[in-house]
Amino acid sequence: MYIPPAFRIDDASKLTAFIRHHSFATLITHDGTAPFASHVPMLVRPDAGEHGTLVSHLARANPQWQHFASGQEALAIFHGPHSYISPSWYQTAPAVPTWNYAAVHAYGVPAILSDREQVAALLRELIATYEASMEKPWPGFAG
Numbered sequence: 028m029y030i031p032p033a034f035r036i037d038d039a040s041k042l043t044a045f046i047r048h049h050s051f052a053t054l055i056t057h058d059g060t061a062p063f064a065s066h067v068p069m070l071v072r073p074d075a076g077e078h079g080t081l082v083s084h085l086a087r088a089n090p091q092w093q094h095f096a097s098g099q100e101a102l103a104i105f106h107g108p109h110s111y112i113s114p115s116w117y118q119t120a121p122a123v124p125t126w127n128y129a130a131v132h133a134y135g136v137p138a139i140l141s142d143r144e145q146v147a148a149l150l151r152e153l154i155a156t157y158e159a160s161m162e163k164p165w166p167g168f169a170g
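Quick note on this note's numbering: the sequence shown kicks off at 28 and runs consecutively.
The structure is reproduced here in structure tokens:
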């Protein structure tokens, strides 16, 4: 992704905070023929790995998890606020229309958790994270 230097953010704590706040990501892989995308909630573990680790869950019915076996890099895009910017808003001319937005692109090689207890723990963590703001949080499952 092209990022003009004035807009590039390399501060890991700011990127982690953005991912936590906008955690519903577009996960993009390649099946050998074409790109493939799923929209999934992700949790970030900033202290796991050199640049942190993202964790999520894909249903077995979703064929995307099978792309992970290739060892190819995947892309997770975290979308933040965005808005059209009209040239009529500028006091100077000429001006052109643009789009103001915030996004984080995270690259890495996905891995499959196959240990049943690790998968259950991840599901409980996802549920606890996303149910935390509910008036009556769903208790989850025993897994």
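Think of the CB as a built atom: it goes at the ideal place given N, C-alpha and C, for glycine as much as any other residue.
Proximity of glycine 107 and alanine 133 at Cβ, strictly below 7 Å: no
Beta bridge counterpart(s) of asparagine 89 as assigned by DSSP: Paired residues: none, contrary to the question.
Beta-carbon proximity list for serine 65, same chain, < 7 Å, skipping 5 on both sides: Leu54, Leu85, Asn89 and Gln91
Where tryptophan 165 sits in the DSSP three-state scheme: coil
Leucine 153, buried or exposed, once every other Cβ within 10 Å from all chains shown has been counted against 16: By the Cβ neighbour-count rule, leucine 153 is buried, with 16 or more other Cβ atoms within 10 Å of its own.
Straight-line Cα distance separating glycine 76 from serine 40: If I take the Cα positions, the gap works out to 15 Å.
Bridge partners - serine 65, DSSP secondary structure assignment: Leu54
Opening and closing residue of the beta strand (DSSP E) in which tyrosine 157 lies: Element bounds for tyrosine 157: not the beta strand (DSSP E) but the alpha helix (DSSP H), 143–158.
The stretch 112–124 in contact with the stretch 155–165 per 3-pair CB rule at 8 Å: no
Range covered by the beta strand (DSSP E) that runs through alanine 129: Run containing alanine 129: 125–135, per the beta strand (DSSP E) assignment.
N- and C-terminal bounds of the beta strand (DSSP E) containing threonine 80: Its beta strand (DSSP E) spans residues 80–82.
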